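Asker: All you need for the working numbering is the position in the sequence shown, starting with 1, plus 93. Glycine is no exception: its CB is placed at the ideal position from the N, C-alpha and C atoms. Please read all numbers here as calculations on a predicted model, not as lab measurements. Below is one structure. I have some questions about it.
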Amino acid sequence: MRRFAGVVASSLALIGTGFGLMAASPAAAAATHSSAKGSPITGKPPLQVVATAPKGSLHNPYNGNAAMAKAGHKLFFQYGCNGCHGGNGGGGMCPPLTNGVWIYGGSDDTLFRLVSLGSTKLVAAGYERQALEDVVGPMPSMGPLIKSDGDLWKIITWVRSVYNGPPAHKYK
Ligand code: HEC
């Protein structure tokens, strides 16, 4: 099973690389739709984006976009996030994504890096644990599976859309 997962991950990574090259022009078009503050959609795999973007510089270009949130929910299932966080992000085996507690902080930049790198590498990159949830365990690095930054921003848009904590903590 482990071996199988590795094969799937590496073929997805290859597809991801090809997609990055092919997506050059659609990505440029998508970037023009971003809000002024949003990071450009590069079409590159999230791990490549994380490796070059300065700390704190990543901002979700899709924030508040309901169509992107809907697409993000599909991707949340496609990439298997639901297996740990529940289909509605309410937690279960793993911490809820919907409440006012953000384990490493709730900025776009932190969430993009946490999902890409996993919690161990996030901490190694200088981000600190800020809170404890009921369930404590490592968040795996999902970066090798996720095809592009656009896919991950869609997922994060969906996570924001199901937030039900205090309004002041939405992006903390
Ligand atoms: C194998 C189980 C597992 C999978 C699969 C998984 N996660 Fe996690 N996730 C965790 C755990 C455990 C934590 C808490 C990490 C910690 O305490 O250091 C976490 C934390 C998070 C957080 C921060 C929550 C908070 O309250 O601050 C977000 C956001 C998140 N995961 C999103 C995702 C997304 C998106 C995916 C799919 C691409 C995903 N996770 C897949 C286990 C998982």
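What would DSSP say about LYS247, mapped onto helix, strand or coil?
Answerer: If DSSP states are grouped into helix, strand and coil, LYS247 belongs with the helices.
Asker: Could you check if SER212 belongs to the surroundings of the ligand HEC, using beta carbon to heavy atom distance under 7 Å?
Answerer: Checking every heavy atom of the ligand HEC against the Cβ of SER212, one is found closer than 7 Å.
Asker: Report whether the distance from the Cβ of HIS152 to the nearest heavy atom of the ligand HEC is below 7 Å.
Answerer: Not under cutoff, so the answer is no.
Asker: Pull up the CB-CB distance for GLY182 and ASN153, whole angstroms please, since I reckon it's below 8 Å.
Answerer: Their Cβ separation, rounded to whole angstroms, is 16 Å, which puts GLY182 and ASN153 out of contact at 8 Å.
Asker: With DSSP collapsed to three states, give me the class of GLY258.
Answerer: If DSSP states are grouped into helix, strand and coil, GLY258 belongs with coil.
Asker: What residue range is occupied by the uninterrupted alpha helix (DSSP H) comprising VAL208?
Answerer: 201-210 is the extent of the alpha helix (DSSP H) around VAL208.
Asker: For LEU168 and SER209, which I take to be in contact (beta-carbon distance under 8 Å), what is that distance rounded to the nearest angstrom?
Answerer: That pair is no contact at about 14 Å.
Asker: Would you decide whether LEU225 is buried or exposed? Buried here means 16 or more other CB atoms lie within 10 Å of its CB.
Answerer: Exposed, because fewer than 16 other Cβ atoms sit within 10 Å of the Cβ of LEU225.
Asker: Residues in its own chain within less than 6 Å of GLY198 by CB, not counting five upstream and five downstream?
Answerer: Excluding residues within five positions, the ones whose Cβ falls inside 6 Å are GLN223.
Asker: Taking C-alpha atoms, which residue in VAL228, VAL229, ASP227 and ILE196 lies nearest to TYR220?
Answerer: The candidate whose alpha carbon is nearest that of TYR220 is ILE196.
Asker: Taking the straight line between their C-alpha atoms, what separation do you get for THR250 and THR145?
Answerer: Roughly 22 Å separates the two Cα atoms.
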